[in-house]
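Report on the following structure.
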Amino acid sequence: MARFVAARLAHAIVVCFLVTTVAFLLLHAAPGDPFSFDHPRISADIRDLWRAEFGYDRPLLEQYARYLGSVARGKLGFSHSLHIPVGEALAGAIPRTLGLMGLALALSFPFGIWLGVFEARRRASASARVANAASLVMASLPNFWIALMLLLGFAYWLPLFPAGGIVDVLMHDYMSPGQALADRARHLVLPLVALTLVATAVVARFQRAALQDTLPADFVRTARAKGVDDRAVIGRHALRNALLPMITLGGLAFPALLSGAVFVEKIFTWPGMGLLVTNAIGARDYPLVLAAVQLGAFMVAAGSLLADVAYGMADPRIRVR
Amino acid sequence: MFADLNAGARRLWAGLPLPARVALVVLALLYALAIAAPAVAPYLPSEQLDIVALKDQGPSWAHPFGTDRYSRDLLTRVLYGARVSLAVATLAVLMSAVVGTAYGLVAATAGGFVDAVMMRLLDAMLSIPRVLLLIAMLALWNPVPLPALVALLGLTGWFEVSRLVRAEALSVRERDFVVAARSLGAGAGRLMLRHLLPNVLVPVIVFTTLGVANIIVLEAGLSFLGVGVHEPVPSWGTLFFDGTEAFVGTWWSALFPGAAIVATVLCFNIVGDALRRVLDPRHLRSA
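Chains as they are written, first to last, in the numbering used here: chain A, 1 to 321; chain B, 1 to 287.
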């Protein structure tokens, strides 16, 4: 097991290195640099001075080595648009994004698995057909579309929830702790539902397919023949085996949720990484965009590392390979 | 050969469940409308009809989808948007399918060390999140011309399909007819094109169908972030997000492009799912 984890860890580190290299190459292959913007009163000499000051005039290889070194030390550059180090800008945003994603994961997996089991078990019944069609439709809906419909439905037509933000900017500081918590919860509902709905549908579809592959297996038939009742056949025998792909899906869901969060955050002005990136794109703040993308990729690598290790723990066959 | 294809298509159609047939017809209609947009659309896509009188008009008989804030007819723009969205998605997915199939076939045919290196490379590329990579690239080169957008979407989307193709090709490679062809002296090229390729097409076809849906959503999302298709070119993504800016007052400007995206994606997913079930023998067991 230790060897397996070590191998996966090495893989994750290689991925992070690769992502950093790609980010560096992208930044340098892009047209222009931070000092090539149009301005009639800034002369070429001044631009060169700036370039020398920030190290843009050094050989590419040296810049690359320095870049790797500073990323390894956790320095990701300076944000032109926010006038603070990128790390500082991201430090506030990351927990908000991870919190949103974590909650969406925590909600969508149990519910999606339950729905998938229901669909697979009652395959012929009308309610399962409806659930199946509903999860196909839900899985097909882009989450930015759902987010917008939720916004229209529950923030505008039926103003039950706030339209955006993470807290009430005006009143939050004057609220009692209980009220403040309720205020946060109210702001969380719509973005969370938008992220969770699609994820649930995807999980349900995976779970249904996995169960349908397991249900005709011999051991399930044996259990049925022994007279084990339907509940236990599903719960004890079939579901256990059909849950394995869910671990992989957990690792795969991470990047999907992360990119989903970008859009949902923008629509609900949720001040996480997604909103930071979209604003940074608008402001052409390349260091911030690249740093956020890199961190996102690191997070995805960590997520798939966790999923693989969990899979290895759950299924001994994987470790041997 | 064409008679064969015809009979095959007829058998496939007969095997498809009703929802998939409906979805297929809807898709055919959408493509037809997209191709015929200049003939069907009542106006030109960037034509400002009357910036004072016809600005932000709701749906009416004259303008079934309403008009936008520059008094452009939205039905026209959605029709022309179909051209851009469908063309970008279809071309990008075809590109992914070709590159991915070629890569997977070469890896499976070469085997050994070459295969191992190619697969490790693939692992590395698969581990970089696609959406984030696209955002970074498109943000740096913003604004990107349409052909480049297609190329970027296509070249970042082939990793999974080449894995599927390789796995399929590896199992086909050991089958008797391939062994027979090889012992008759067939070269690697002939083996790949005549014997392996026709037998690995099922996952590629399913991937292509589902992939178009993914790319339509992806293109819309990227346009939303301001790094995809750019004004004044209408795509469903740009139209939808243009509409969201004043969503509450002019709901039609986001509703119709959004509905076009949702309907198309849904149809592609239904067809893709059905194709997987009909074409893939491994799913017959559970069906």
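Just so it is clear, CB atoms sit at the ideal spot from N, CA and C, and this is done for glycine as well. All values derive from a computational prediction rather than experimental measurement.
_Check this for me: beta carbons of S96/B and G187/B, under 9 Å apart or not?_
For S96/B and G187/B, no; Cβs fall outside 9 Å.
*Within 10 angstroms of its Cβ, does L284/B collect 16 or more other Cβ (buried), or is it exposed?*
Reliability fails at L284/B, whose pLDDT of 46 lies under 50, so the model's placement of it is uncertain and no value is given.
*Minimum Cβ-Cβ distance from G66/B to chain A less than 9 Å*: Answer no: the Cβ-Cβ gap between G66/B and chain A never drops below 9 Å.
*alpha helix (DSSP H) containing E168/B: first to last residue?*
Note, E168/B: alpha helix (DSSP H), F159 to R173.
*With a 10 Å radius around its C-beta and 16 neighbouring C-beta atoms as the bar for buried, classify R321/A as buried or exposed.*
Because R321/A sits at a pLDDT of 47, beneath the cut-off of 50, its placement in the model cannot be relied upon, and the point is left open.
*Tell me whether T269/A sits in a helix, a strand or coil according to DSSP, three-state version.*
The three-state reading of DSSP puts T269/A in coil, since its state is none of H, G, I, E or B.
*In the DSSP assignment, what are the bridge partners of F78/A?*
Looking at the DSSP output, F78/A shares a beta bridge with P85/A.
*asked:* For E62/A, report the span of its alpha helix (DSSP H) as first-last.
replied: Run containing E62/A: L60 to A72, per the alpha helix (DSSP H) assignment.
*asked:* Among the candidates L100/A, R123/A, D218/A and M138/A, whose CA atom is the shortest distance from the CA of G165/A?
replied: Cα-wise, what sits closest to G165/A is L100/A.
*With a CB to CB cut of under 8 Å and the five nearest residues on each side skipped, what residues in its chain are close to R51/A?*
When the five nearest sequence neighbours on each side are left out, the beta carbons in the same chain lying within less than 8 Å of the beta carbon of R51/A are those of D33, F35 and D57, in order along the chain.
*Report the three-state DSSP secondary structure of L73/B (helix, strand or coil).*
With the sequence shown as reference, residue 73/B is identified as Asp, and Leu is not the correct amino acid for it. Strand, per DSSP.
*Select from the stretch 252-266 of chain B all residues with a C-beta closer than 7 Å to any C-beta belonging to chain A, and list them in chain order.*
Correct list: A254, G258, I261, V262, V265 and L266.
*Taking the alpha-carbon positions, what's the A287/B to A274/B distance?*
Its pLDDT being 35, under 50, A287/B is placed unreliably by the model, and the measurement read from it follows with that caveat. Distance between the alpha carbons of A287/B and A274/B: 11 Å.
*Rounded to whole angstroms, what's the CA-CA distance from M137/B to V19/A? Just pull it up for me.*
If you take the alpha carbons of M137/B and V19/A, they lie about 13 Å apart.
*asked:* If distances are taken between C-alpha atoms only, which option among A14/B, G211/B and R83/B comes closest to F159/B?
replied: Of the candidates A14/B, G211/B and R83/B, G211/B places its Cα closest to the Cα of F159/B.
*For A139/B, decide whether its Cβ has a neighbour in chain A, counting only Cβ atoms nearer than 9 Å.*
Interface residue, yes.
*asked:* Run through chain B and tell me which residues come within less than 8 Å of A301/A, C-beta to C-beta.
replied: Near A301/A (Cβ distances below 8 Å), the residues of chain B are S127.
*Of the listed residues G154/B, T109/B and F207/B, nearest to R182/B (C-alpha basis)*: Checking every option, the nearest Cα to that of R182/B belongs to T109/B.
*Within 10 angstroms of the Cβ of E119/A, are there 16 or more other Cβ atoms? Answer buried if so, exposed if not.*
By the neighbour-count criterion, in which a residue is buried when 16 or more other Cβ atoms sit within 10 angstroms of its Cβ, E119/A is buried.
_Quick check on G69/A: buried or exposed, where buried means 16 or more other Cβ atoms within 10 Å of its Cβ?_
Per the 10 Å Cβ criterion, exposed.
*Can you list the residues of chain A that F159/B reaches, using a CB-CB cut of under 7 Å?*
From the beta-carbon of F159/B, no residue of chain A is found nearer than 7 Å; the closest lies around 13 Å away.
*Classify T67/B as helix, strand or coil using the three-state DSSP reduction.*
Strand.
*If we ignore side chains and look at the alpha-carbon of each, how far apart do V22/B and L94/B end up?*
Their Cα atoms are separated by approximately 23 Å.
*Could you check which residue in F4/A, P245/A and V202/A has the C-alpha nearest to that of S108/A?*
Comparing Cα-Cα distances from S108/A to each of F4/A, P245/A and V202/A, the minimum goes to V202/A.
*Got a sec? Which residues, its chain only, sit under 8 Å from V78/B by beta carbon, not counting five neighbours each side?*
Cβ contact annotation for V78/B (same chain, cutoff 8 Å, sequence separation greater than five): F65, P234, W236, L239, F256, P257 and A260, in chain order.
*Closer than 9 Å, CB to CB, is A104/A near chain B or not?*
No, A104/A lies away from the interface with chain B (no Cβ there is under 9 Å from its Cβ).
*Which value, in whole angstroms, describes the spacing of the CA atoms of R10/B and L201/B?*
When rounded, the distance between both Cα atoms is 18 Å.
*With DSSP collapsed to three states, give me the class of N142/B.*
N142/B sits in coil when the DSSP states are folded into three classes, being neither helix nor strand.
*Exposure of Y156/A, with buried meaning 16 or more beta-carbon neighbours within 10 Å*: Flag for Y156/A reads exposed.
*At least three beta-carbon pairs within less than 8 Å, the stretch 159-169 of chain B to the stretch 122-129 of chain B*: Contact between the stretch 159-169 of chain B and the stretch 122-129 of chain B is present: three or more C-beta pairs spanning the two stretches fall below 8 Å.
_Under 9 Å between C-beta atoms of G272/A and A261/A_ = In this structure, the beta-carbon distance from G272/A to A261/A falls below 9 Å.
*Continuous alpha helix (DSSP H) stretch holding M192/B: start and end*: For M192/B, there is no enclosing alpha helix (DSSP H), as DSSP marks it with neither H nor E.
*Kindly list, in the order they appear in chain A, the residues whose Cβ is closer than 8 Å to that of F224/B.*
Near F224/B (Cβ distances below 8 Å), the residues of chain A are F144, F263 and K266.
_Y311/A - containing alpha helix (DSSP H), residue span_ = Y286 to A314 is the extent of the alpha helix (DSSP H) around Y311/A.
*Can you tell me which of V289/A, A253/A, Q294/A and H237/A puts its alpha carbon nearest to the alpha carbon of P216/A?*
The shortest C-alpha separation from P216/A is found at H237/A.
*Have a look at V14/A and E53/A and give me their C-alpha separation to the nearest angstrom.*
Taking the Cα positions, V14/A is about 31 Å away from E53/A.
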